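Encoded as structure tokens, the structure appears first; notes follow it.
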Amino acid sequence: MPATVRASKSNATAKDALKEQGVRLTRQRQILLDILNSASTHLDAENLYLLAREKDPKLNRVTVYRTLKMLKKGGLVDELDLMHFGGDQHYYESKMKPEHAHIICMRCGRVEEFFGEPLQKIRQQVEQDFGFEILIARTEVGGYCALCRALRAREGPEAEGK
Numbered sequence: 030m031p032a033t034v035r036a037s038k039s040n041a042t043a044k045d046a047l048k049e050q051g052v053r054l055t056r057q058r059q060i061l062l063d064i065l066n067s068a069s070t071h072l073d074a075e076n077l078y079l080l081a082r083e084k085d086p087k088l089n090r091v092t093v094y095r096t097l098k099m100l101k102k103g104g105l106v107d108e109l110d111l112m113h114f115g116g117d118q119h120y121y122e123s124k125m126k127p128e129h130a131h132i133i134c135m136r137c138g139r140v141e142e143f144f145g146e147p148l149q150k151i152r153q154q155v156e157q158d159f160g161f162e163i164l165i166a167r168t169e170v171g172g173y174c175a176l177c178r179a180l181r182a183r184e185g186p187e188a189e190g191k
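Here the numbering used here is used: position 66 in the sequence shown is 95, and no number is missing along the way.
This is the structure we're talking about:
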């Protein structure tokens with residue numbers, strides 16, 4: 030039951046946010062939002078398009094790109110580069126999640142999400158120390174996951190340049 034409540038709340042929020050901009054929540058836009066809200070990984074536009082086509086074969090790439098742009102402008106979707114691990118690739122995620130940091134392995138590309146009080150403390154400290162009103166915070170941390178650290182240790186000093 031809680032998942033249904035969350036889904037209907039996010040749909041209502043999305044619909045309200047788009048309505049304020051004079052934009053209708055069409056079936057195709059709803060499909061894209063639903064995919065982003067339920068994704069267990071960060072999706073690029075092409076993967077979002079492929080998943081959306083499974084639900085609506087008539088949906089095209091132009092619609093996906095236009096909708097992503099509109100959802101970003103409306104504050105419903107965030108565009109990420111994830112430390113540029115994938116080159117110039119950009120990824121998208123719903124802003125329905127609580128604020129979090131992205132932890133990216135610079136070797137294998139694994140992405141973890143960190144939710145926690147330390148993020149709020151950093152936010153409060155920035156606001157206090159600089160008198161800065163934060164509207165959005167995006168945090169990315171790059172390094173090596175436990176598996177890649179172990180592999181690098183086994184590879185020895187020649188791995189240091191990688």
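Each residue gets a CB set at the ideal place from its N, CA and C atoms; glycine is no exception. Every value quoted in this text rests on a predicted model; they were computed, and no experiment measured them.
Which of helix, strand or coil DSSP assigns to residue i
i    : result
A130 : strand
E162 : coil
T168 : strand
M30  : Residue placement at M30 is flagged as unreliable, the pLDDT there being 24, under the threshold of 50; a coordinate-derived value is accordingly withheld.
L54  : coil
Same chain, Cβ closer than 7 Å to residue i, neighbours up to 5 away in sequence not counted
i    : result
F144 : P127 and H129
T70  : none
R152 : I163 and A166
G171 : M112, I133 and M135
C177 : C134, R136 and C137
Other residues of its chain near residue i: CB distance less than 8 Å, five sequence neighbours each side excluded
i    : result
A74  : R90, V93, Y94, L97, H119 and Y121
E156 : E162 and I163
Residue i versus the options, residue with shortest Cα-Cα distance
i    : options                  : result
A68  : L100, M112, A46 and M125 : M125
A175 : D85, I133 and H113       : I133
V106 : Q149, G171 and L47       : L47
R167 : L109, D158 and R136      : L109
L100 : Q50, H131 and E83        : Q50
Neighbourhood of residue i by C-beta distance below 6 Å, restricted to the same chain and skipping five residues each side
i    : result
R139 : C174
K84  : I60
Q149 : none
D117 : none
R58  : T96
V52  : none
Opposing strand residues paired with residue i [DSSP bridges]
i    : result
E141 : I132
L72  : Y121
Heavy atom of the ligand GTP within 7 Å of residue i beta-carbon
i    : result
F159 : For the ligand GTP, the structure offers nothing, since it holds no ligand at all.
message: Please give the ranges of any alpha helix (DSSP H) in the region 82 to 125, keeping only runs that are unbroken, at least 4 residues long and fully inside the region.
response: 90 to 102
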